[in-house]
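Contents: one structure, followed by commentary.
Right, here's the structure in full:
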């Protein structure tokens, strides 16, 4: 959904994976505002202080960003779209002309987000003598290396960070799993209306009556209509020990009557909230 | 399940919530071995280097310990029981006779695990001038305060830590939600056999064929038999982006034929693993 001159909030600094997902989805011609934490994104959008928010919801290796599922439940915002960003971690350092193997002998410390260090553990294990340092996020570690301007330091971040912070890509694609995707959701105020056709994906939240078979009976309406659940997560309700709310994504055929399905579904569940109806994104799209 | 003279591994040091859960379940007359991380518990038990392991699986406020669900999938171990530990965070400091309000004026820093600090945020917010310091775990922060022997320091940990590390309980029950429970699972080698009667809870892991309605059809057998699912979680399969395995707990009536149910269930799913059949624990039991 390309837009212009909007305020878009994301977590991190320029070059972060959230920033890259936001640029892909909304286009570069917007005002991107980096904040410190996910909660801030939801607050700013819900309070109409920003137009849109960029929210990572799950990574194909690490799993759901549970914190953000909880915020989707708590804040009054609307999901307007999604994007799958391929995560390609690179080893970055300051610019210097020398072969890779020689360069690696100079490096004493590698900075990055702990999850990125973990996702590159096969590569990093080859360099036992290099110290691995956990840092706030990947883009900030690139900024730091650039500022320190020290040949003994390197970081793990996106290739875009190399351009943004004037660094050299020492090695591309160093993550353990080649297929590493993060799925991002884009949020707006509840009253935001957009004209998009062929909407075919929905995200909902619900709670269930505490009786045997309640989940089964709730899912029936989707099964009957041949609807494919693409994600189901349960999250605790803090005030009620070991009771859960459910977060479900599903893909539907635009010919079905979604309103009728929701009407029937509502009778099987307790609390029910439609988070958004949007267009599904392709995973291989980049 | 009371045992004696067994090697029991848990994460943390004496006084940690894992340690307390282990003592409750197995009795004190065992050799409790604290390790640094959860993976080590699974490794030691799977490799027969320890008899039992203590594994936190979910907290009523923070949700599942997803890392441990992943290890249950990956390691060949068996669940033999569960325990719900009531988490009662206390503010601890070195011993000194003075009223609470005076004492709070002396305190400059409060140490604890980041989750414990978060779970006591209402209490901590009253003391804006006191620095909150994230530490490895609650019991270690108690040990630290005891060693530093400094009246300006405090920590958040269990009341048992006060006795273990010779500290004073400055304030009891300072967590935001009074009902804060952590559910622990106890694991053993696959070939461990125990004579327990009235087993009524089971934990299983499975994957589904990627077709609409597959989850619904898999849950049918439980609904028909009036079986109450007490937990359902999906976790990513790292090699297969956005495919999931499911972790399910359910309570059953000892009169049902569980083997027959599993036989039918197996036909509806792809991979299927029974993690354990055990006795359910009461949440209010302490």
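Residue numbers (our numbering), protein chains in the order written: chain A, 796 to 1081; chain B, 796 to 1081. The beta-carbon is built from N, C-alpha and C at its ideal position, and this holds for glycine as well.
Using a beta-carbon distance cut-off of less than 7 Å, what residues from the region 853–869 of chain A approach chain B? 855, 856, 858, 861
Nearest to residue 815 (chain B) by CA position, among B:959, B:831, B:871, B:861, is which residue? B:959
For residue 922 (chain A), three-class secondary structure by DSSP: coil
Cβ-based neighbour list, residue 1077 (chain A), same chain, cut-off 8 Å, excluding 5 preceding and 5 following: 879
What residue range is occupied by the uninterrupted alpha helix (DSSP H) comprising residue 1064 (chain B)? First-last for residue 1064 (chain B): undefined, no H or E at that position.
Nonlocal neighbours in the same chain, by C-beta distance under 6 Å from residue 1075 (chain A), ignoring five residues either side: 995, 996, 1046
With residue 915 (chain A) as the anchor, note down where its alpha helix (DSSP H) starts and where it stops. No alpha helix (DSSP H) holds residue 915 (chain A); DSSP gives it neither H nor E.
Restricting to Cα atoms, I'd like to know which of B:855, B:827, B:977, B:956 is closest to residue 888 (chain B). B:956
In the DSSP assignment, what residue or residues form a beta bridge with residue 976 (chain A)? A:881
Using only the alpha-carbon positions, how far apart do residue 1034 (chain A) and residue 1037 (chain B) sit? 31 Å
Just how far apart, CA to CA, sit residue 1012 (chain A) and residue 1027 (chain A)? 15 Å
For chain A, is any of its Cβ atoms less than 8 Å away from the one on residue 1036 (chain B)? yes
Beta strand (DSSP E) containing residue 906 (chain A): first to last residue? 904–907
In the DSSP assignment, the beta strand (DSSP E) including residue 1105 (chain A) goes from what residue to what residue? No answer is possible for residue 1105 (chain A): it lies beyond the span of chain A, which begins at 796 and ends at 1081.
With DSSP as the reference, label residue 804 (chain B) as helix, strand or coil. strand
Contacting positions in the region 882–900 of chain B - beta carbon closer than 8 Å to chain A: none
If you measure from the beta carbon of residue 837 (chain B) to each beta carbon in chain A, is any gap under 8 Å? no
Straight-line Cα distance separating residue 917 (chain B) from residue 838 (chain B): 38 Å
With 16 other CB atoms within 10 Å as the buried threshold, where does residue 1049 (chain B) fall? exposed
Given this structure, state the Cα-to-Cα distance separating residue 1080 (chain B) from residue 885 (chain B), to the nearest angstrom. Legend: pLDDT at residue 1080 (chain B) = 42, less than 50; position of this residue unreliable, value from coordinates given subsequently. If you take the alpha carbons of residue 1080 (chain B) and residue 885 (chain B), they lie about 20 Å apart.
Close Cβ partners of residue 970 (chain B) (< 6 Å) along its chain, the five nearest in sequence each way excluded: 884, 914, 915
When we look at the beta-carbon of residue 1003 (chain B) and count the other beta-carbons within 10 Å, is it buried (16 or more) or exposed? buried
Would you please verify whether the beta carbon of residue 941 (chain A) is less than 8 Å from any beta carbon of chain B? no
Mind listing the chain B neighbours of residue 1007 (chain A)? Cutoff is C-beta to C-beta under 8 Å, in chain order. 1017, 1018, 1021, 1022, 1023, 1024
Put residue 1008 (chain B) into one of helix, strand or coil per three-state DSSP. coil
Can you list, in chain order, the residues of its chain whose CB lies under 7 Å from that of residue 980 (chain A), leaving out five sequence neighbours each side? 850, 852, 874, 877
Return the CA-CA distance between residue 906 (chain B) and residue 1014 (chain A), expressed in angstroms with no decimal places. 45 Å
Is it right to say residue 930 (chain A) is buried, meaning 16 or more other beta carbons lie within 10 angstroms of its own, or is it exposed? buried
Measuring alpha carbon to alpha carbon, tell me which residue in A:825, A:811, A:812, A:920 is nearest residue 801 (chain A). A:825
Among B:991, B:1065, B:1016, B:1060, whose alpha-carbon lies nearest the alpha-carbon of residue 1072 (chain B)? B:991
Supposed close pair residue 845 (chain A), residue 804 (chain A) - CB separation, criterion 8 Å: 4 Å
On the three-state DSSP scale, how would you describe residue 829 (chain B)? strand
Mind listing the chain A neighbours of residue 1014 (chain B)? Cutoff is C-beta to C-beta under 9 Å, in chain order. 1008, 1010, 1011, 1014
To the nearest angstrom, how far is it from the Cα of residue 909 (chain B) to the Cα of residue 854 (chain A)? 23 Å
Taking buried to mean at least 16 other C-beta atoms within 10 Å of its own C-beta, is residue 821 (chain A) buried or exposed? buried
Rounded distance between the beta-carbons of residue 898 (chain A) and residue 965 (chain A), thought under 8 Å: 6 Å
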